[in-house]
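*Asks:*
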Amino acid sequence: MDIAIIGGGAAGFMAAIVARRTNPSSKVTIFERAQKVLAKVEITGGGRCNVTNSFAAITDMKQAYPRGHKLMKRLMKTFSHEDTYRWFEQHGVPLVTQEDECVFPKAQDSHAIINCLVRQANELGVTICCRHRLVNIH
Numbered sequence: 016m017d018i019a020i021i022g023g024g025a026a027g028f029m030a031a032i033v034a035r036r037t038n039p040s041s042k043v044t045i046f047e048r049a050q051k052v053l054a055k056v057e058i059t060g061g062g063r064c065n066v067t068n069s070f071a072a073i074t075d076m077k078q079a080y081p082r083g084h085k086l087m088k089r090l091m092k093t094f095s096h097e098d099t100y101r102w103f104e105q106h107g108v109p110l111v112t113q114e115d116e117c118v119f120p121k122a123q124d125s126h127a128i129i130n131c132l133v134r135q136a137n138e139l140g141v142t143i144c145c146r147h148r149l150v151n152i153h
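Per my numbering, the very first residue in the sequence shown carries number 16; after that it's consecutive.
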């Protein structure tokens, strides 16, 4: 089975990694329109990459996500912020939770996250194609 992931951002990489682990015999390809993947990850959090939030003070998801609280609630049941934290630490990226509950790589550098995602995709044999614009799907 061939699996195409449209978009080389953080979500695209996680989708590709999970797809390849779930379907080891499949060919998984990430298609990115830009010249490099994970460009937004590189600049988020002032170049430090705000990975997630501890959500410790949030009692109602509406507080943090007024327009998408129902979807976020469902998604967090599937893969929570604790799961995110654990996943990155298990894959060699120590994280730190700041006073404002934002979670960053301990290195305070987005490249720790970028390198982790790219390394995992490469180790699993995910193909990464940059400068590929999706025109249509058959």
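Even glycine gets a Cβ: it sits at the ideal position worked out from N, Cα and C. It should be emphasised that the depicted structure is a prediction, and the values quoted were computed from it without experimental measurement.
1) To the nearest angstrom, how far is it from the Cα of Val-43 to the Cα of Arg-148?
2) Quick one: Cα of Arg-46 to Cα of Gly-24, how far?
3) Express the C-alpha separation of Met-16 and His-153 in angstroms, rounding to a whole number.
4) State the beta-bridge partners of Asp-17 as determined by DSSP.
5) So, are the CB atoms of Gln-50 and Arg-146 less than 7 Å apart?
6) Classify Ile-129: buried if its beta carbon has 16 or more other beta carbons within 10 angstroms, exposed otherwise.
7) Output the distance between the C-alpha atoms of Ile-18 and Val-150, rounded to the nearest integer angstrom.
*Replies:* Reading from the atomic positions:
1) 17 Å
2) According to the sequence provided, residue 46 is Phe. The question's Arg does not apply to it. When rounded, the distance between both Cα atoms is 10 Å.
3) 15 Å
4) Lys-42
5) yes
6) buried
7) 17 Å
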